[in-house]
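Residue numbers (the numbering used here), protein chains in the order written: chain W, 1 to 228; chain C, 1 to 228. For every residue, glycine included, the Cβ atom is placed at its ideal position computed from N, Cα and C. Keep in mind the model is a prediction, meaning the values are calculated, not measured. Have a look at the structure below, then the notes.
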C-alpha cells in the first residue's frame, strides 16, 4: 500500500473500572506501558502517522512516555479526547490535514494486535474501502427483547475488534453524521453513511484490557509471546 | 430449595484443539484436574446428584480420578457420551430415574463457576422453571447476512454460559424434540419446546477452557482466587 497511512489510537477512561488511579493504557505489562506496546506495533509499518487521542488531563503522562520511548519520532501527534468515543475519534480525524489516504482506528488498550493483521487491514481497506477485525463468538448468544430472550445463531454473529481501517475520505464523510448511542465503534458510524463494512479475521489474543482480569491475562499473553 | 438437585456435567472433545492428547477436562490447573475442580464446586451444594457424561474411551481416566478424589462419594454417576452435545445431555437425562426435581447442565471445562451462582441458578429455576447464566458482551457485535454484515445493538445481546438449570420434568419434555444444528446449548433446546428461558447474571471469570490461551488464563484465575 503506497498511500499515506494514519492510525488514530484512542485512549479514554479514568481507570475507574481497573480500581486504579491511572487509566489502563498507562499501566505496565512486561517492561513497558500498554500504550507504548500498542504504538510500537503500528510504527512498525512504513509511512505511518500516529494520531494519539488522550484526555487532556493525561497529556503530561504522555509527555514522559514520548521522551522515554519515542524521543526521536516525529510521527506521533497528540490530540485532545472528547466526551465520548465518537467525539474522540472525530477530534483525531480533524487533526489529519489530508483527505486522501487510509486511516486505522485502534483502541489504546489492545496492545497485542499482530503486525500482520494491521498490515492486512490496510491492504484490504485500500482495495475495498474498509477492513474491520472480527472473531466468531465461542459462546452461545441470546437476544433480549420485550418478551424475553431468544437464541441467536452464533454462526452468523461476530465479535468486533480493532483496528478498524478505512479509506480516509469515506471515514471523514461518515463522521459528519450526528452522534448516536448506537455508535459503539467506527464500523457502525461508517455503515450509517451507507458505506459497506468489510470484515477480516481477527484473533482471540487481540484482547481489550478493561478489567483487572484482562490485565492478568495480558501478562500471560505477553510472557508467552516473548517465548515464541 | 428442598427438591432433589441433579447436575449433568458434560465433558466431550478429543482435545485436538488444545494440541494435547488428553481432553481438556483432564488437564491440571493448580494441583487438580479441571474436571475435579468443576465437580467439587457442585458437590458443595446439599442433595446434589452428579451425572458425569464422558466419551467411553476416557472412562478409565475417570476411574482413577474417582478413586483419588471422590472414593467415598456415592453421588456421582458415570454416563457414556453421545456423538453430539445434544446426545450427551440426553444420555445424562436418561440416567436420571426421577421426573421431579431440578437439573443443572454444566460444561466440564468451566471450573470457575462461583458456588453462589450455582445456588442462585437452582433457586431461580425452582421458582421460574429455568435459570441460564449470561453476561453482556464487552465487544461490539455484528450480524452477518447475505448482503454483508450489520451492527447488532450489544445492549440487547448476551453471551451464554453454564450452568443452565431447569425444572427436570420440563427439560425431559424438551429433550424429546428432534435434534437440530441450531441447538448450541440447553436453553435453545428448552425454548424450542415453548418453555421460557430465564437469564441470570453470570461472571466473566466463569470461562470455558477450550484453547491453550484459555488454559493460561485459567492458571491466572486460579492463582488469584487462592489469594483471596
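Contact set between residue i and chain W, taken where Cβ atoms lie within less than 8 Å
| i | result |
| --- | --- |
| residue 230(C) | The shown model of chain C, from 1 to 228, leaves out residue 230(C), and the question about it has no answer. |
| residue 208(C) | 138 and 139 |
| residue 157(C) | 141, 142, 143, 144, 152 and 157 |
| residue 188(C) | 140 and 151 |
Own chain, CB closer than 7 Å to residue i, minus 5 neighbours either side, in chain order
| i | result |
| --- | --- |
| residue 256(C) | Residue 256(C) cannot be examined here, being either before or after the span of chain C that is shown, 1 to 228. |
| residue 204(C) | 135 |
| residue 74(W) | none |
| residue 119(W) | 45 |
| residue 101(W) | 3, 4, 5, 6 and 168 |
| residue 15(C) | Low local confidence applies: a pLDDT of 47 at residue 15(C) is under 50, so the model's placement there is unreliable, and no value is given. |
| residue 236(W) | The shown model of chain W, from 1 to 228, leaves out residue 236(W), and the question about it has no answer. |
| residue 17(C) | Low confidence applies to residue 17(C): its pLDDT is 49, below 50, so where it sits in the model is not reliable enough to give any reading. |
| residue 107(W) | 10, 162 and 208 |
| residue 1(W) | 102, 122, 123 and 126 |
Terminal residues of the alpha helix (DSSP H) in which residue i lies
| i | result |
| --- | --- |
| residue 139(C) | Segment: none, residue 139(C) is in no alpha helix (DSSP H) and carries neither H nor E. |
| residue 40(W) | 34 to 43 |
| residue 123(C) | 115 to 128 |
| residue 87(W) | 85 to 94 |
| residue 208(C) | That residue, residue 208(C), is in no alpha helix (DSSP H); it is neither H nor E in DSSP. |
| residue 102(W) | Taken as a continuous stretch (DSSP letters only), residue 102(W) belongs to no alpha helix (DSSP H), being part of the beta strand (DSSP E) at 102 to 107. |
| residue 167(C) | Counting along the chain, residue 167(C) falls outside any alpha helix (DSSP H), though it belongs to the beta strand (DSSP E) covering 157 to 167. |
Own chain partners of residue i with C-beta closer than 6 Å, once the 5 adjacent residues on each side are dropped
| i | result |
| --- | --- |
| residue 79(C) | 51, 53, 91, 92 and 95 |
| residue 228(C) | In this predicted model, residue 228(C) has a pLDDT of only 43, less than 50, meaning its place in the structure is not dependable enough to derive any value. |
| residue 69(C) | 36 |
Where residue i meets chain C, residues with beta-carbon distance less than 8 Å
| i | result |
| --- | --- |
| residue 204(W) | 211 and 213 |
Beta-carbon neighbours of residue i, restricted to chain C and to distances below 9 Å
| i | result |
| --- | --- |
| residue 87(W) | Those within 9 Å of residue 87(W) in chain C number zero; the least Cβ separation is about 17 Å. |
| residue 193(W) | The premise fails here: residue 193(W) is roughly 13 Å from chain C at the closest Cβ pair, so nothing lies under 9 Å. |
| residue 148(W) | 191, 196, 197, 198 and 199 |
Whole-Å CB distance - residue i paired with residue j, under 8 Å assumed
| i | j | result |
| --- | --- | --- |
| residue 125(C) | residue 183(C) | At roughly 19 Å, the Cβ-Cβ gap does not stay under 8 Å, so residue 125(C) and residue 183(C) are not in contact. |
| residue 172(C) | residue 99(C) | 6 Å |
| residue 140(C) | residue 193(W) | No, residue 140(C) and residue 193(W) are not in contact; Cβ-Cβ is about 17 Å, not under 8 Å. |
Partners in chain W for residue i, counting only beta-carbon separations shorter than 9 Å
| i | result |
| --- | --- |
| residue 31(C) | Within chain W, no residue comes near residue 31(C); the closest Cβ sits about 19 Å away, beyond 9 Å. |
| residue 161(C) | 139 and 140 |
| residue 182(C) | 151 and 153 |
| residue 220(C) | 213, 216, 217, 219 and 220 |
Cβ-based neighbour list, residue i, same chain, cut-off 8 Å, excluding 5 preceding and 5 following
| i | result |
| --- | --- |
| residue 129(W) | 166, 167, 170, 195, 196 and 198 |
Limits of the beta strand (DSSP E) - the one that residue i falls within
| i | result |
| --- | --- |
| residue 201(C) | 199 to 201 |
| residue 10(C) | 5 to 10 |
| residue 188(W) | No beta strand (DSSP E) holds residue 188(W); the alpha helix (DSSP H) holding it covers 186 to 192. |
Contacts of residue i in chain C (Cβ-Cβ under 7 Å)
| i | result |
| --- | --- |
| residue 167(W) | Ordered by position in chain C, no residue passes the 7 Å Cβ test against residue 167(W), which lies about 16 Å from the chain. |
| residue 224(W) | 216 |
Contacts of residue i in chain W (Cβ-Cβ under 7 Å)
| i | result |
| --- | --- |
| residue 134(C) | 142 |
| residue 261(C) | The requested residue 261(C) is not part of the displayed model; chain C covers only 1 to 228. |
Whole alpha helix (DSSP H) elements within the segment 56 to 82 of chain C, 4-residue minimum: 59 to 69
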